[in-house]
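**Student:** The opening position of the sequence shown corresponds to residue 173 in this note's numbering, with each subsequent residue numbered one higher.
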Amino acid sequence: MVDNCMNYLLSVTQHKVFKYYSKLLEREGITSAQAGVLTYIWSVPDNKTTPKEIGKKLHLEAPTVSGILDKMQKLDLIDREVDPDNRRIIFVTPTNKANQMKTSIKSMTEEMNQQVLKDFSSEEAELLKQFLTKLIHSEIK
C-alpha cells in the first residue's frame, strides 16, 4: 500500500538525495539550502537578487529565506545591501569566499545528479526531470 503513496515515494527519494548531497557539501561547510541560494544568485544578472526572488525561485517562505541568509551572512557567504533608490529593497550578492566555492559546488551538484540518475537511461532521466518539474508547477496547494 505504501508503495503507491506519492508522499511516501517522494519523501523517501528526497531524503536519500538530500543525505547524499549534504555529505558532498560538507567539504565546503555549507548546506544544500545554502548551495541552492548561491547557485540561484550566480544564475541571475550581476549575481545580484533580492530575498523575495530567492524565495520565489526556491519555493521558500520569507522567514525561511531570512534564516538561511542570516546564517550565510555570518559565514561570510553573502552580502546584503540596501537599494539606494528604494530603502525597502535589499540586494543579496555572493562574497569572494562564496565565489571561490562556485566551481566546487557546481562539481558536487553534477556528481549528485549523476549518482541520482545513474540507473536511468538518458531518456528516462529527462522524463523524470520533466515529471518532477510538472509536479513543482502543479496546482497542489
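Yeah, the Cβ is synthetic: ideal placement off N, Cα and C, and Gly gets one too. Quick caveat: nothing in here was measured; it's all calculated off a predicted structure.
1. Counting beta carbon pairs with one atom in the region 263-281 and one in the region 198-207, are three or more of them shorter than 8 Å?
2. According to DSSP, Arg-252 sits in a beta bridge with which residue or residues?
3. How long is the line joining the alpha carbons of Lys-229 and Tyr-212, rounded to whole angstroms?
4. Please confirm whether Glu-198 and Met-273 have their CB atoms less than 9 Å apart.
5. Using the C-alpha atoms, what's the distance from Asn-258 back to Asp-363?
**Tutor:** Looking at the atomic coordinates:
1. yes
2. Start at 1 with the first residue of the sequence shown, and residue 252 comes out as number 80. DSSP output for Arg-252 lists Val-264 as bridge partner(s).
3. Indexing the sequence shown from 1 puts residue 229 at position 57. Indexing the sequence shown from 1 puts residue 212 at position 40. Straight-line Cα distance between these residues: approximately 8 Å.
4. Working through the sequence shown from its first residue, we reach residue 198 at position 26. Working through the sequence shown from its first residue, we reach residue 273 at position 101. No, the pair does not count as a contact, with Cβ atoms beyond the cut-off.
5. It is not possible to answer for residue 363, since the shown part of the chain is limited to 173 through 313.
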